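Residue numbers (the numbering used here), protein chains in the order written: chain A, 224 to 434; chain B, -12 to 369.
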């Protein structure tokens, strides 16, 4: 059974250090799951590529093209790795917008590895004060180790690689130990007729049940 | 196949001139548009219902009655009637009255409305939106179908021995559609009662409309009202046409770019490919409209939004003239390949026929029999 990991990365430059960190985390998670005997597939969602579609979604209420695919990838994933650059002491607006347009419940119960990049280590608590509350609200299961990387962590004699492996290992434990995640509502617009398979019968609605 | 128009009733500045019509102009324009709809051969005019600026569509019943007096053939409808915040006792009276005044040329579409603040304006709680839609409609049905109603629910005071007047014309209630964009509960409600289901359609990708309609059809069959392809489906639509598609695009673009709802968002080109909006020649509008069947199946009612986004009245009337020109082809197209067992949208005449003929259901007061007065009952109670 293949485990699906979706990597959501909000870096803006190409290449970006955000994507670099995302790739390191994805590689480490794949390796950890490999070691646990799991097949893994990885979908990478570059939010830059769907930035216009995200703005359109805010204005029209529906996802199109690449954004619809990205939302589907995230909804179907068994686990997420999310990485944002730090803008003004928090996640970037683009990063937040993507999670704003997900249907409620999309991330409920889903393991998520939180990561962020910044120009200075003084932002290193951003994961705890900004990302973790957001994903708590979305009722995701965040792994204990968040991975923050400042510019100086790349190349310097930092413990970044160790943190990457620890966090990826924590994610792998959650994924390998879990039953396969049931498909959730994949997009803002239901993706298949079966989405409505569990409609509440009208007699129950009349009795005030299921509301 | 019924083909018509539906109006939101927005008062929006014309982005090409900066001029905003007055409420009075817009209200009168709505009447002119409805009259034009009849003149060019359309079947239905439906008005929205909003209770705040920038809309002029409050009190839809006065509007419909007024239009009813100035037309002869047009079916008057709503898009939508706020079943959540309007007392069903009032809806029962109002639309039965319009039935009588227009000799049955009225039906209505229930909706929940999309303006959150409207709930407290009418003493309701938005968190109870779906509940209100379900309970109120269940009561409304009884008020039209039972001469004397005893009723108790959660969201309004109980009714005891209540008779809604006038009784529905010829003993048949107006046909009801249920409009919903995203709530499967409402499609379920329409299916349960065997009522019509209308999907707004115009701001959404076809894949979404397809699924909501498919759900309604499946559940319609489940509840034993007929096969799925006999369910009563209506769709919205939106176009802007000129003889040449280049002219249509050039003229409509500023209205699109500044429109409420989607303005300042996706490009005209993206939006026309993602949603049913068609901006082009009459032939393009015709072909696009007929393609709605590809995902909705053979359906019963097609309503177009034509008066919005600040388009001046003159332009709207021209749009209706153009629609009138392609109307025969559109009807022919909709009839093509339509199986004989797919029904037309119910009308007053068809509902009367199905009920076995017209009945006078006037309820005469019983006070002269019992001698009881309301005041007496209060004194006994005290």
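Quick reminder that beta carbons are idealized off the backbone N, C-alpha and C, glycines included. These numbers were taken from a predicted model, which means no experiment stands behind them.
Check	Outcome
Taking buried to mean at least 16 other C-beta atoms within 10 Å of its own C-beta, is residue 235(B) buried or exposed?	buried
In whole angstroms, give me the CA-to-CA distance for residue 339(A) and residue 384(A).	14 Å
Please name the residue in 91(B), 23(B) and 246(B) whose C-alpha comes closest to that of residue 3(B).	246(B)
Can you find a CB in chain A that lies within less than 7 Å of the CB of residue 75(B)?	no
Give a yes or no on whether the C-beta atoms belonging to residue 226(A) and residue 335(A) are separated by under 7 Å.	no
Once the 5 residues before and after residue 103(B) are set aside, which same chain residues still bring their CB inside 8 Å of it?	113
Which word fits residue 251(B), buried or exposed, when buried means at least 16 other C-beta atoms lie within 10 angstroms of its C-beta?	exposed
Quick check: residue 337(A) and residue 369(A), are their CB atoms within less than 7 Å of each other?	yes
Rounded to whole angstroms, what's the CA-CA distance from residue 287(A) to residue 276(A)? Just pull it up for me.	7 Å
I'd like to know if the segment 265 to 279 of chain B and the segment 222 to 236 of chain B are in contact, where contact means that at least 3 CB-CB pairs between them fall below 8 Å.	yes
Helix, strand or coil: how does DSSP classify residue 157(B) here?	helix
Would residue 196(B) and residue 188(B) be called neighbours here (beta carbons separated by less than 7 Å)?	yes
Quick check: the Cα distance between residue 469(A) and residue 294(A), rounded to an integer number of angstroms?	Nothing can be reported for residue 469(A), as the shown portion of chain A is limited to 224 through 434.
Can you tell me whether residue 108(B) is buried or exposed? The criterion is at least 16 other CB atoms within 10 Å of its CB, across all chains shown.	exposed
Counting only Cβ pairs nearer than 7 Å, list the residues of chain B close to residue 366(A).	Here the premise fails: no neighbours, minimum Cβ distance about 34 Å.
Could you list the residues in the segment 185 to 202 of chain B with a C-beta less than 9 Å from some C-beta on chain A, going in chain order?	190, 191, 192, 194, 195, 197, 198, 199, 201 and 202
Chain A partners of residue -11(B), CB-CB under 7 Å?	Those within 7 Å of residue -11(B) in chain A number zero; the least Cβ separation is about 26 Å.
Rank 344(B), 276(B), 154(B) and 51(B) by C-alpha distance to the C-alpha of residue 292(B) and give the top, closest one.	276(B)
What span of residues does the beta strand (DSSP E) with residue 309(A) cover, start to end?	302 to 310
Using a Cβ cut-off of 7 Å, pull out every chain B residue sitting near residue 272(A), in sequence order please.	Under the 7 Å cutoff, chain B gives no residues; its nearest Cβ is about 16 Å from residue 272(A).
Alpha carbon to alpha carbon, what distance is there between residue 134(B) and residue 93(B)?	21 Å
Chain B beta carbons: is any one of them nearer than 7 Å to that of residue 285(A)?	yes
According to the neighbour-count rule (16 or more other Cβ atoms, all chains shown, within 10 Å of its Cβ), is residue 139(B) buried or exposed?	exposed
Excluding five sequence neighbours on each side, which residues of the same chain lie with their C-beta closer than 6 Å to the C-beta of residue 279(B)?	222
Do residue 400(A) and residue 255(A) come within 7 Å of each other at the CB atom, strictly closer than that value?	no
Which residue comes first and which comes last in the beta strand (DSSP E) that contains residue 32(B)?	31 to 34
I need the DSSP call for residue 175(B), collapsed to helix, strand or coil.	helix
For residue 206(B), tell me which candidate among 16(B), 172(B), 125(B) and 118(B) has the shortest Cα-Cα distance.	172(B)
Tell me the rounded alpha-carbon separation between residue 161(B) and residue 310(A).	58 Å
Which residue's Cα is closest to the Cα of residue 23(B): 302(B), 352(B), 333(B) and 347(B)?	302(B)
Would you mind telling me which residues of chain A sit closer than 7 Å to residue 139(B), beta carbon to beta carbon, in chain order?	What residue 139(B) touches in chain A: nothing, since even the nearest Cβ is about 13 Å away.
Quick check on this structure: which residue in 158(B), 159(B), 153(B) and 190(B) has the alpha carbon closest to the alpha carbon of residue 169(B)?	190(B)
If you measure from the beta carbon of residue 372(B) to each beta carbon in chain A, is any gap under 7 Å?	Nothing can be reported for residue 372(B), as the shown portion of chain B is limited to -12 through 369.
Quick check: residue 342(B) and residue 159(B), are their CB atoms within less than 7 Å of each other?	yes
Please classify residue 412(A): is it buried, with 16 or more other beta-carbons within 10 angstroms of its beta-carbon, or exposed?	For residue 412(A), the predicted model reports a pLDDT of 39, less than 50, meaning its position is unreliable and no value from the coordinates is stated.
Measure from the C-beta of residue 323(A) to each C-beta in chain B and report whether the shortest distance is under 7 Å.	no
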